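To start, the structure itself, in structure tokens.
Protein chains: 2
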Amino acid sequence: MSSIRRAETFPANTPAASQIFTTVLSHGPLTRLEVARRAGLSPAAVTKAVRPLIEAGYLVEDVDEPARPALGRPANPVRVDGGRALFIGVKVTGDEIIAVLTDLCCRIRVARHVPLPDREPKGVLASVAELAGELLAEAGDLGVAVLGLGIAVSGDVDRGAGVVRYSPFLEWRDVPLAELAAATTGLPVTVDNDVRALTVAEQWFGAGVGLSDFAVVTVGAGIGCGLVVHGRVVAGAHGVAGEIGHVTVDPSGPPCHCGNRGCVEAIAGDAAIVRQIREATGVAVADTAEAVALAHRGNAGAREAYARAGEAIGLGIATVANLLGPECVIISGEGLAAYDLFAEQIRDAFAAAAFGSAAQCDVQTRPLPFEEWARGAAATAIQSFIQADQQQ
Amino acid sequence: MSSIRRAETFPANTPAASQIFTTVLSHGPLTRLEVARRAGLSPAAVTKAVRPLIEAGYLVEDVDEPARPALGRPANPVRVDGGRALFIGVKVTGDEIIAVLTDLCCRIRVARHVPLPDREPKGVLASVAELAGELLAEAGDLGVAVLGLGIAVSGDVDRGAGVVRYSPFLEWRDVPLAELAAATTGLPVTVDNDVRALTVAEQWFGAGVGLSDFAVVTVGAGIGCGLVVHGRVVAGAHGVAGEIGHVTVDPSGPPCHCGNRGCVEAIAGDAAIVRQIREATGVAVADTAEAVALAHRGNAGAREAYARAGEAIGLGIATVANLLGPECVIISGEGLAAYDLFAEQIRDAFAAAAFGSAAQCDVQTRPLPFEEWARGAAATAIQSFIQADQQQ
DNA sequence: GCCCTTATTTTCCGCCGTCAATAAAAGAAG
DNA sequence: CTTCTTTTATTGACGGCGGAAAATAAGGGC
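Chains as they are written, first to last, in our numbering: chain A, 1 to 392; chain B, 1001 to 1392.
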């Protein structure tokens, strides 16, 4: 076991520098003046903060010369050099591990996945280390250093402590995953909840860029929700937040594994939809793919199940919008494969149940490639690297 | 009409000074060392920031000498001199205006209320000015200056702009209330939503002191909710947040004035309870007082209505807890008069519907004297005074 | 080549908050 | 009674961040 190698640190010790870098990272090439405006700083401060970042190779002056119809001295935009550093993101599910190698701009360079033979921390750790090793080798071929490893796990995760408090799928309790993975890989490790990791990716690199209040809703086996309020991801006082899946939308609805009735997840989760289709149609659909296919063939019972799911999701989103008034809600997740089957119901239910100006909230969808969860994990690693010492 | 007089400003220009003052304000007498610990600053910084505040009279060295069994140099705690400045808080409802004169520690000195003869901005403004004038006279008798006026209005209020965007009770749209009231009273004016104002009071002077994530739920004619996330009151991107009253808890429930069915407010709002009792019992209860009395006499239908209300409120609170994971939820409001009638149902419904560690959230109640809303308005004025230039 | 405009850089400069040393105010020990 | 110990408060030097203003750079128009 190698010890943790002396990690390269990010040359931005002041809040301003880190804020400036984040601004450039999220908003693409920007002139120094523009950065100053967006970050609320003086142009002088930007020049000073940018120089060491350019010297260290994290920023580069953009040489693109788009037709500048401008008067005056031509602007000299800077952008992040994605190739300067690489990061690894790993998503651990109940039955497989997905890993990606991304650059500093969180663009995926390589993606891998392996089945998970063993849910014990030891076995999972070995699989993670193996995948990370492969990706480290790829990075070595590219001649670029890997500066961080992010791991996303569903359940109650304490990112600050690097501990998985409780993961139902893995049946883990209080596993100090960050410490363990750091010891085996030699990389700085960030561990976070999977939905929050996805939310970080949206906030820094996706549809949430520049928004101080938005929500990400994931639709799939479970229904999850990541929240950004006041520009920060909500973690909850007890480590759990965004449990939209267990918001009750119909007290007389079907029972949920959580012990209640009519949770969003008990109506719109994959298993709930399949079960409902079986009950309604008598067709022995085995999984989501078959359920979607049946609905696409026009089966009324199947379509009805998806319609109900859409209503439940729309109602759940309206609840979030009524309580938090976000600027935008991004719907994502594996369940989007069936999006055409419930898009209308989501929108209708949301529009009906959103109160007052909460209805102004922009509800949009984003496809979720299967590596996206791992990319979220990489995003948390990038975030930790950039904001090593300060508050997020 | 006098112009706005040259307002006395708070001698705390640095973030640290304002943070230090707020810490002392909320946590009572503290030694400088203790302040430094809580605010994450060095003791030296505290000493330096405290001096001008003592010179200006806002802080005083506490002369109380509680039995100090301590070794070493005796501590010299400082506290806020509540009598240094006064503030006026005004709550405007659909049919009356309540005003309080508070000191800097938000303790009520005088409370007044008058009926509201006229809902036009002009008439309301006249009433506010009249009440404010009376309280200014009282303050004059005390020989203490009034340094701010806070006005709380239900509905969509843009505090930053000082504008009431939309108030259903008053039937106002885009009324620049802060500007108008400042012109007539000569005081610096803060306008905020009533529930948010109450939340500010709890955050700075009540049960929310020291908590970075909590919620305030008000039960009465409507059901409202103020949220504090990451230590800041949530205002929502479109000015509306915390609309727990229009969270759907039962799609087959009674219709709500918002156009949906089964909103919390449509089940647990005062009018909903009265209506339901009338329908269930046939007794022509006229108002909440009679409804409570009937239930207290043991009438089954009335008790049932309150039980249903309690369930709806508990479910609403569980929804908030599931989504945000607050440390604590404070239930308050005029409806607490009937608290014994639904306390059990609130707790049961919350406990059942709270998911995982969200159930650790501490649900407590606080009585709500009728001047409390106005006190919230005063709290916003105090907040504005202390944080005149910086972000909240 | 000169002027105008806009972007960037340079040069101070103020000021906040930390550090380390010192003073202060007790009780404890002798 | 003196001295030591312990804890709190204060002081003064210092470093560094970020701002303001002025200087410089880099075009285009004429």
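Backbone N, C-alpha and C define an ideal beta-carbon position, used for all residues, glycine too. What you are looking at is a predicted structure, and each value in this text was computed from that prediction instead of being measured.
So, is residue i buried or exposed, given that buried needs 16 or more other C-beta atoms within 10 angstroms?
i	result
Gln-1364(B)	exposed
Phe-342(A)	buried
Ile-1004(B)	Interpretation of Ile-1004(B) is limited by its pLDDT of 45, a score under 50 that renders its predicted location unreliable; the figure taken from the coordinates is listed afterwards. That one is exposed.
His-1246(B)	buried
Asn-1013(B)	exposed
Pro-77(A)	buried
Ile-1054(B)	exposed
Ala-1379(B)	buried
Asp-1403(B)	Residue 1403(B) is absent from the structure shown; chain B starts at 1001 and stops at 1392.
Leu-1187(B)	buried
Gly-123(A)	exposed
Glu-969(B)	This structure does not reach residue 969(B), given that chain B is present from 1001 up to 1392, and the question cannot be answered.
Asp-1095(B)	exposed
Asp-1174(B)	exposed
Asp-1287(B)	exposed
Thr-23(A)	buried
Ala-137(A)	exposed
Ala-321(A)	buried
Arg-308(A)	buried
Pop quiz: residue i and residue j are said to be a contact at Cβ under 8 Å. What is the actual Cβ separation, rounded to whole angstroms?
i	j	result
Ala-1300(B)	Ile-1277(B)	Their Cβ separation, rounded to whole angstroms, is 11 Å, which puts Ala-1300(B) and Ile-1277(B) out of contact at 8 Å.
Gly-1376(B)	Ala-1197(B)	4 Å
Ala-1237(B)	Glu-371(A)	Contact doesn't hold; Cβ gap of about 30 Å is too wide.
Thr-1190(B)	Gly-1150(B)	5 Å
Ile-97(A)	Leu-131(A)	6 Å
Asp-81(A)	Leu-101(A)	Contact flag wrong, Cβ pair sits at about 16 Å.
Leu-1177(B)	Val-1195(B)	Going by Cβ atoms, the distance from Leu-1177(B) to Val-1195(B) rounds to 17 Å, so no, they are not a contact pair.
Thr-1184(B)	Ala-1129(B)	4 Å
Glu-1179(B)	Gly-1160(B)	In fact, because the Cβ distance is near 13 Å, the residues do not count as touching under 8 Å.
Thr-199(A)	Val-216(A)	5 Å
Ile-273(A)	Ala-291(A)	6 Å
Gly-1089(B)	Ala-1388(B)	Going by Cβ atoms, the distance from Gly-1089(B) to Ala-1388(B) rounds to 18 Å, so no, they are not a contact pair.
Ala-284(A)	Ala-318(A)	Not really, about 34 Å apart at Cβ, beyond 8 Å.
Asp-1270(B)	Gly-1220(B)	6 Å
Arg-1297(B)	Ser-1332(B)	No, Arg-1297(B) and Ser-1332(B) are not in contact; Cβ-Cβ is about 26 Å, not under 8 Å.
Arg-1032(B)	Pro-1043(B)	6 Å
So for residue i, helix, strand or coil by DSSP?
i	result
His-1113(B)	strand
Gln-1364(B)	strand
Phe-1087(B)	strand
Arg-1165(B)	strand
Leu-177(A)	helix
Leu-1149(B)	strand
Ala-1099(B)	strand
Pro-1052(B)	helix
Asp-1194(B)	helix
Glu-61(A)	strand
Phe-370(A)	coil
Ser-1026(B)	helix
Pro-1326(B)	coil
Gly-123(A)	helix
Asp-270(A)	helix
Gly-1253(B)	coil
Phe-342(A)	helix
Leu-1170(B)	coil
For this session: Please list the residues of the region 1227-1249 of chain B that have a C-beta atom closer than 9 Å to any C-beta atom in chain A, keeping them in chain order.
Result: Leu-1227, Val-1229, His-1230, Gly-1231, Arg-1232, Val-1234, Ala-1235, Gly-1236, Ala-1237, His-1238, Gly-1239, Val-1240, Ala-1241, Gly-1242, Glu-1243, Ile-1244, Gly-1245, His-1246, Val-1247, Thr-1248 and Val-1249
For this session: Using a Cβ-Cβ cut-off of less than 7 Å, list which residues of the region 1300-1324 of chain B approach chain A; keep chain order.
Result: Residues Leu-1315, Thr-1319, Val-1320, Asn-1322, Leu-1323 and Leu-1324.
For this session: Could you list the residues in the region 356-384 of chain A with a C-beta less than 8 Å from some C-beta on chain B, going in chain order?
Result: Gly-356, Ser-357, Ala-358, Gln-360 and Cys-361
For this session: Evaluate contact between the region 1337-1357 of chain B and the region 1308-1328 of chain B, counting only Cβ atoms and requiring at least three cross-stretch pairs below 8 Å.
Result: yes
For this session: Using a Cβ-Cβ cut-off of less than 7 Å, list which residues of the region 159-182 of chain A approach chain B; keep chain order.
Result: none
Problem set entry | the region 1206-1217 of chain B: positions lying closer than 7 Å to chain A by Cβ | Asp-1213
Problem set entry | Cβ contact (3+ pairs, closer than 8 Å) linking the region 116-123 of chain A and the region 136-146 of chain A | No: fewer than three Cβ pairs fall under 8 Å.
For this session: Pair every Cβ in the region 1200-1216 of chain B with every Cβ in the region 1325-1339 of chain B, then say whether three or more of these pairs are closer than 8 Å.
Result: The region 1200-1216 of chain B vs the region 1325-1339 of chain B: in contact.
Problem set entry | Touch test, the region 1240-1255 of chain B against the region 1216-1226 of chain B, Cβ-Cβ under 8 Å, three pairs minimum | Per the Cβ contact rule, the region 1240-1255 of chain B is in contact with the region 1216-1226 of chain B (3 or more Cβ pairs under 8 Å).
Exercise. According to a CB-to-CB cut-off of less than 7 Å, which residues of the region 1256-1282 of chain B neighbour chain A?
Worked result: Cys-1258 and Asn-1260
Exercise. Between the region 259-272 of chain A and the region 1257-1264 of chain B, do at least 3 Cβ pairs fall closer than 8 Å?
Worked result: Between the region 259-272 of chain A and the region 1257-1264 of chain B there are fewer than three inter-stretch CB-CB distances shorter than 8 Å, so the stretches are not counted as touching.
Exercise. Got a sec: which bits of the region 1143-1156 of chain B sit with their beta carbon under 8 Å from any beta carbon on chain A, in order along the chain?
Worked result: Asp-1156
Exercise. Between the region 1322-1347 of chain B and chain A, which residues of the former have a C-beta closer than 9 Å to a C-beta of the latter?
Worked result: The region 1322-1347 of chain B vs chain A, Cβ under 9 Å: Asn-1322, Leu-1323, Leu-1324, Gly-1325, Pro-1326, Glu-1327 and Cys-1328.
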